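Take a look at the structure set out below.
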Amino acid sequence: MTDRHLESGTVTLDDVRHVAALANLQLSAEEEPRMQRDLNAILSHVAGLNSVDTAGVPAMAQVGELLQQEAALAGATLRADAPRPSVDRAAVMHEAPETDGRFFKVPKVIER
Amino acid sequence: MTQPATLNSIVTALQSRTISATTLAEEHLKRIRLHDQEPGQEINSFLSLADERALAQAGAVDELARRGDPLPALAGVPVGIKDVLAMRGAPATAGSAILKGYHPPYDATAVAKLDAAGATLLGKLNCDEFAMGSSNENSAYGPVRNPRALEHVPGGSSGGSAAAVAAGFCAASLGTDTGGSIRQPAAFCGVVGMLPTYGRVSRYGLIAYASSLDRVGPLANSVEDTALLLQVLSGQDSMDATSSAEPVQDYVAAANEPVAGMRIGLPDEYFAEGLDPEIRTAVERVANSLRDAGCTVERVSLPHTAYAVPTYYVLATAEASSNLQRFDGVRYGHRTENPRTLSALFRESREEGFGAEVKRRILLGTYALSAGYYDAYYRKAQQVRTLITRDFLQAFAGVDALLTPMTPAPAWKLGEKVDDPVSMYLADVYTVAASLAGICGISVPCGTTATGLPIGVQLLARHFAESKLLRVARAVESAETAR
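Just so you know, the sequences run in chain order A and B.
Heads up: the first sequence begins at 1 in our numbering, then just goes up one per residue.
Heads up: the second sequence begins at 1001 in our numbering, then just goes up one per residue.
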């Protein structure tokens, strides 16, 4: 399976930079080749999944999906949608890196 | 003052005022301060201590006992909390520099339940960054060392939780298990660690890694202690929509029921090439003692086991890439200095705050979800997850529990695998399948290797069959203790 994965396209340095940009990560010049090496090693192992016949097999996102016959087991019940007190605003703002006490402050987004 | 042997005996001793909760708390805090960072022999299991809260709780327990009021189930029991769970008044770092200095203003439900049951919350325990790791070497606050063998890893990601119990710094701890992070360190450190069924214990207040897999569970010195903790922790929570309404049973009573007549399965795939011979021998010994106790033991097959590790690493990293987007330097945690733009604030804060393994997993997960690769990786892995789960459901149609080795090898040496992520991931071969299927499991100590490294066996049971699981685990423990 390793060979097939490598034939079908190895992760390039450009791929690493593209994915890093999607993930809001800014890798250093030393990190980029290391991540490229690691992603290729991991993905060639993951390529083993291609040999599993999954024709007609449903995709499973949550454990509850296979227990649906038993709603209680599947955590299917949501609480009533009623307002209730949440965490105190002052306590939350206390943890913010930069705040005016009411809002989180970030660098200016729109330049005039 | 020596610590009583079981959680229940701690509560009994406090009730009869043979010991005081305040003294117990003070002695534990003192022991941690003296020995957890002892130069040359540091374990590094605790990241922060919560003296004020611990002593206030202990004082309240002593006051109850003085008045002769009945004490709650875990009154005065000194516990530690993995640092991925919110505990009011204490920092929550998740082992990451990006959350350095963050103090969550509320308790996770699991923490609140321990608190309500009277437990003394001593502080927060070291772990792999965002629970990503199998050796506790990915913590931004330094690795944890295995108290049973200081040159070896304690396992991960709940390495601090396992090491602190093994070192006697606390009588029990909370860990979290996404792909083995309670069970594997429990095995490496020679303590009991339990993975409750998905939905059994609320995750409210847990810093999310992979939400379809994350679970909160206890680590302790014995199966009975573990059962008591599970009883306190279990139940539906309106703050976690995935928590189940399945009734909570009397797990302590269940653990003490006889096992005669129970059917135990040995999955062939868990005894394949690569299993350490001493661990194989230990599991075979456990199988024999279960047979002696009146169980039937038979071979079963879980044919998709070999695909569990790649399936896990696609799904867990995909979910992680989404969950960890929230760490952006805006609302809490680390923010880069003088960012020029909002986009630079996000990227630079994350670059500075996250460690290598977290970046690796975010990149892998983002790649697996990106255009052109979604079907080949993410969807494919979700389908294989169905097949892995069906394997278990089919096996549990014929047996009550499965018996397997917990790990392919005992604890490796610190530094041995840090440069080889694939080899580190492959060490999770016996843990991740149960994580994907959502079933319950437990790691029970069963002796050591010739060089003194602890060995654990894993027991697995179907969804919400914790009573059966604990019953078998208790039988294994009794047989091993009598040996």
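By construction, the Cβ of each residue, glycine as well, lies at the ideal position given by its N, Cα and C atoms.
On a predicted model such as this, the values are computed, not experimentally measured, just so you know.
Check: Would you mind stating whether Thr1278(B) and Thr1449(B) have Cβ atoms separated by less than 8 Å?; Outcome: This sequence places Glu at residue 1278(B); Thr is not what is there. For Glu1278(B) and Thr1449(B), yes; Cβs fall inside 8 Å.
Check: Roughly how many whole angstroms lie between the Cα atoms of Ser8(A) and Ala47(A)?; Outcome: Legend: pLDDT at Ser8(A) = 49, less than 50; position of this residue unreliable, value from coordinates given subsequently. Each residue's Cα considered, the two are about 10 Å apart.
Check: Assuming Gly1040(B) is part of the alpha helix (DSSP H), what are its boundary residues?; Outcome: Counting along the chain, Gly1040(B) falls outside any alpha helix (DSSP H), and DSSP gives it neither H nor E.
Check: So what does DSSP say about Ser1370(B), is it helix, strand or coil?; Outcome: coil
Check: Closer than 9 Å by beta-carbon distance: list the chain B residues that pair up with Glu95(A), in chain order.; Outcome: Gly1101, Tyr1102, His1103, Pro1104, Pro1105, Arg1331, Tyr1332 and Gly1333
Check: Report the option in Thr10(A), Lys105(A) and Arg89(A) whose CA atom is closest to the CA atom of Asn40(A).; Outcome: Thr10(A)
Check: With which residues is Asn1484(B) paired in a DSSP beta bridge?; Outcome: The structure shown does not extend to residue 1484(B), since chain B is modelled only from 1001 through 1483, so no value can be given for it.
Check: DSSP on Val1457(B), reduced to helix/strand/coil?; Outcome: strand
Check: With distance defined between alpha-carbon atoms, name the residue in Pro1104(B), Arg1361(B) and Leu1302(B) nearest to Asp38(A).; Outcome: Arg1361(B)
Check: Relative to chain B, which residues along the segment 29-52 of chain A have a C-beta separation below 9 Å, given in chain order?; Outcome: Glu31, Arg34, Met35, Asp38, Leu39, Ala41, Ile42, Leu43, Ser44, His45, Val46, Ala47, Gly48, Leu49, Asn50, Ser51 and Val52
Check: Since Pro1445(B) is in the beta strand (DSSP E), which residue starts that stretch and which ends it?; Outcome: Cys1440 to Thr1448
Check: Measure the Cβ-Cβ separation of Ser1173(B) and Leu1233(B) and say whether it is below 8 Å.; Outcome: no
Check: For Gly1179(B) versus Ala1316(B), is the C-beta spacing smaller than 8 Å?; Outcome: yes
Check: According to DSSP, is Val1079(B) helix, strand or coil?; Outcome: strand
Check: Counting only beta-carbon separations shorter than 8 Å, does Val109(A) have a partner in chain B?; Outcome: yes
Check: Just checking: is the beta-carbon of Thr10(A) within a distance shorter than 8 Å of some beta-carbon in chain B?; Outcome: no
Check: What residue from Gly1355(B), Asp1240(B) and Ser1135(B) has the CA that sits closest to Lys1417(B)'s CA?; Outcome: Ser1135(B)
Check: Which residues of the segment 79-92 of chain A have a Cβ closer than 8 Å to any Cβ of chain B? Give them in chain order.; Outcome: Arg79, Val87, Asp88, Ala91 and Val92
Check: Run through chain A and tell me which residues come within less than 7 Å of Glu1348(B), C-beta to C-beta.; Outcome: Gln26
Check: Tell me the start and end of each unbroken beta strand (DSSP E) in the segment 1284-1361 of chain B that is at least 3 residues and wholly inside, in chain order.; Outcome: 1296-1300
Check: Less than 8 Å between CB atoms is the rule here; does Tyr1307(B) satisfy it with respect to chain A?; Outcome: yes
Check: Comparing C-alpha positions only, which one of Val1077(B), Ala1110(B), Gly1133(B) and Asp1083(B) sits nearest to Val1358(B)?; Outcome: Gly1133(B)
Check: The alpha helix (DSSP H) spanning Ser1161(B) covers which residue range?; Outcome: Gly1159 to Ala1166
Check: Please determine, among Ala1433(B), Ala1397(B) and Gly1415(B), the residue with the shortest C-alpha to C-alpha distance to Gln1382(B).; Outcome: Ala1433(B)
Check: Tell me which same chain residues have a C-beta within less than 8 Å of the C-beta of Glu1151(B), skipping the five on either side of it?; Outcome: Arg1145, Lys1413 and Leu1414
Check: Hey, out of Thr1022(B), Ala1094(B), Ala1162(B) and Pro1445(B), whose CA is closest to Ala1479(B)'s CA?; Outcome: Pro1445(B)
Check: Note down, in chain order, each residue of its chain lying with its Cβ closer than 7 Å to the Cβ of Asp3(A), except the 5 sequence neighbours on either side.; Outcome: Residue placement at Asp3(A) is poorly supported in this model, since its pLDDT is 37, which falls under 50; the coordinates still yield a value, given next. Cβ neighbours of Asp3(A) beyond the five flanking positions: none.
Check: Compute the distance between the beta-carbons of Met1194(B) and Thr1242(B), then report whether it is under 8 Å.; Outcome: no
Check: For Phe104(A), which residues in chain B fall below 9 Å Cβ to Cβ?; Outcome: Val1330 and Arg1331
Check: Could you tell me which of Asp14(A), Leu13(A), Ala55(A) and Ala20(A) sits nearest to Ser1321(B), measuring between CA atoms?; Outcome: Ala20(A)
Check: Given that a residue counts as buried once 16 or more other Cβ atoms are within 10 Å of its Cβ, and exposed if not, what is Val1399(B)?; Outcome: buried
Check: Do three or more CB pairs link the segment 1029-1038 of chain B to the segment 1094-1102 of chain B at distances below 8 Å?; Outcome: no
Check: Could you check what DSSP says for Ser1234(B) in three-state terms: helix, strand or coil?; Outcome: strand
Check: Would you say Leu13(A) reaches chain B, if we count a Cβ-Cβ gap shorter than 8 Å as a contact?; Outcome: no
Check: Is the segment 1059-1077 of chain B touching the segment 1321-1331 of chain B, taking contact as three or more C-beta pairs under 8 Å?; Outcome: no
Check: Is the beta carbon of Leu1228(B) less than 8 Å from the beta carbon of Leu1007(B)?; Outcome: yes
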